[in-house]
Amino acid sequence: MALTPLRPTTVARAADTGTRGRSAARRSLRRHWQLYLMLAVPLLWFVVFKYVPMVNAVIAFKQYNVVDGIWGSDWVGLANFQRFFDNPVFGRIVSNTFILSVYAVLAGFPVPIVLALAINEVRLRFFARTVQLVTYAPFFISTVIIVSMTILVLSPRIGLLSDVFGFFGADQPNVLGDPDAFRHVYVWTDVWQTAGYSAVIYLAALAGIDPTLYEAARVDGANRLQKIIAVDLPGIAPTAVIILILGVGNVMSLGFEKAFLLQNPLNLSQSEVIATYTYKVGLINADFSLASAIGLFNSAINLVLLVTVNRVAKRVTGSGLW
1 MALTPLRPTT
11 VARAADTGTR
21 GRSAARRSLR
31 RHWQLYLMLA
41 VPLLWFVVFK
51 YVPMVNAVIA
61 FKQYNVVDGI
71 WGSDWVGLAN
81 FQRFFDNPVF
91 GRIVSNTFIL
101 SVYAVLAGFP
111 VPIVLALAIN
121 EVRLRFFART
131 VQLVTYAPFF
141 ISTVIIVSMT
151 ILVLSPRIGL
161 LSDVFGFFGA
171 DQPNVLGDPD
181 AFRHVYVWTD
191 VWQTAGYSAV
201 IYLAALAGID
211 PTLYEAARVD
221 GANRLQKIIA
231 VDLPGIAPTA
241 VIILILGVGN
251 VMSLGFEKAF
261 LLQNPLNLSQ
271 SEVIATYTYK
281 VGLINADFSL
291 ASAIGLFNSA
301 INLVLLVTVN
311 RVAKRVTGSG
321 LW
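Numbering (UniProt numbering), first residue to last: 1 to 322.
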C-alpha cells in the first residue's frame with residue numbers, strides 16, 4: 001500500500017507551529033530570565049551531586065582499587081552482590097531495616113493527620129498557633145541533638161528516668177541497651193521530631209477545601225466529627241496517599257544518623273541496618289565495591305516498592321505520583 005505524501009501546506013503548517021513554539025520559549029526566557037536563573041541553581045546541584053555520581057555506580061560491578069581507579073579496576077560482574085547475599089548478616093540487616101521502616105511508616109503516618117485535624121478544629125487561633133509552633137519546632141533540631149536528649153532521658157546512669165525510678169526505690173531497665181526497646185525508641189523519637197512538620201502539609205490541604213462543603217454539611221445537620229469524616233478526610237486523601245507512597249517507596253532507606261548514634265554492642269542485633277552496615281563496610285573496611293553493591297541493591301528495592309505502591313494507590317484511590 002503506497003503512502004500518501006504530505007501536502008505542502010501540512011508541512012508548512014507543522015514547521016510554522018515549531019517556529020512559533022521556539023519563539024514563545026525565547027520570549028518567555030527573556031521575560032522571566034530571573035526565574036530561570038533561580039531554577040538553574042538547584043537544577044545544577046541535582047545534576048552535579050545526584051545524576052553525575054550515578055555514573056560511578058559501575059564500581060558495584062568491579063573489584064575497585066585506588067591505584068587503577070574506577071575505570072581501570074577489574075570487572076567482576078555480580079560477584080559483589082553475591083558476596084552480600086552470601087554474608088551471614090544479610091538476612092538480619094535486611095529484616096531489621098524492613099521491620100523498623102514499616103514500623104516507622106505505620107506509626108508516623110496517622111499521627112500528623114490526627115494532629116492537623118485537631119489543630120484545624122481549634123477555634124482559639126492563639127492556642128492553635130502555639131500548639132503548631134511547639135510541635136513544629138523539633139523538626140529543626142538536628143538528629144545528633146535529638147539522640148543526645150534521648151540519652152539524657154533514658155540513660156541508666158545519668159538519665160532523668162533513672163532519677164524517677166530511684167525516687168521510688170526501683171531499678172531502671174537499660175532501655176538503650178535493650179534490643180527489643182531500640183525500635184520503639186527510634187520510631188517514637190522520630191514521630192515526635194517530624195509530626196509537626198508533616199502536619200503543616202495536611203493543614204495546607206485542609207485550607208484548600210471548598211468552604212461550601214462545610215456549609216452543606218452544616219445545613220445537613222452534621223456535627224464536628226461528621227464534618228471531619230465527610231469533608232476533611234476526603235479533602236486530604238490525595239495528599240495522604242502521596243505521602244504514604246513516598247514513605248513506602250523509601251522503606252529500605254532508613255536514616256543512618258539516628259540508627260548509628262543509638263547503636264551499641266548490646267542492641268546491635270536489632271540496630272544493625274543496611275545504612276549502618278554499608279558505612280562500616282565502605283568507610284571503615286574500605287571495601288568500596290561491596291558498599292556500592294549494597295547501596296545499589298537497596299535503591300533497586302526502593303524503586304520496585306515505589307512503582308508497586310503507586311500503581312496500587314492509583315487503582316484504589318485514583319491518586320498517585322504519576
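Cβ atoms here follow ideal geometry from the backbone N, Cα and C, with glycine treated the same way.
Asked                                                                                                             : Found
Outcome for Ile274 when other beta-carbon atoms lying within 10 angstroms are tallied against a minimum of 16     : buried
Paired residues, beta bridge with Lys62 - DSSP                                                                    : Trp75
Spatially closest choice to Gly249 from Gly255, Ser23, Pro88, Val307, by CA coordinates                           : Val307
Spatial neighbours of Ser271 in its chain, beta-carbon cut-off 7 Å, leaving aside the 5 residues before and after : Phe182, Ala259, Leu262, Gln263
Rounded Cβ spacing between Thr239 and Ile201 (contact assumed at less than 8 Å)                                   : 6 Å
The region 132-143 in contact with the region 185-200 per 3-pair CB rule at 8 Å                                   : yes
Per-residue DSSP class, three states only, for Gln193                                                             : helix
Alpha helix (DSSP H) segment containing Glu121, residue limits                                                    : 110-121
Cα-Cα separation, Arg30 to Ala104                                                                                 : 47 Å
Own chain partners of Gln63 with C-beta closer than 7 Å, once the 5 adjacent residues on each side are dropped    : Ser73, Asp74, Val76, Ser289
Beta-carbon gap between Val241 and Tyr214 smaller than 7 Å                                                        : no
Proximal residues to Val309 (C-beta, below 7 Å), its chain only, five neighbours per side dropped                 : Ile245, Val248, Gly249
Leu154 beta carbon less than 7 Å from that of Val175                                                              : yes
Reference Phe84; option with closest CA among Asp287, Gly318, Leu305                                              : Asp287
Buried or exposed (CB count within 10 angstroms, at least 16 for buried), Phe168                                  : exposed
Close beta carbons around Ala12, own chain, < 8 Å, minus the five adjacent residues each side                     : Any reading at Ala12 must be qualified, since the residue scores a pLDDT of 48, below 50, and its modelled position is unreliable; the value itself is stated next. Contacts found: none.
Collapsed DSSP secondary structure at Pro232 in the structure displayed                                           : A quick correction: the sequence has Asp, not Pro, at residue 232. DSSP places Asp232 in helix when its eight states are reduced to three.
Pair within 7 Å by beta-carbon distance, Gln193 and Ile146                                                        : yes
Whole-angstrom distance between Asn87 and Thr97, CA atom to CA atom                                               : 16 Å
Contact under 7 Å by Cβ, Ala57 with Leu305                                                                        : no
Separation of Val191 from Val251, as counted between CA atoms                                                     : 15 Å
Cα-Cα separation, Lys280 to Ile294                                                                                : 12 Å
Exposure label - Val41; buried when at least 16 CB within 10 Å                                                    : exposed
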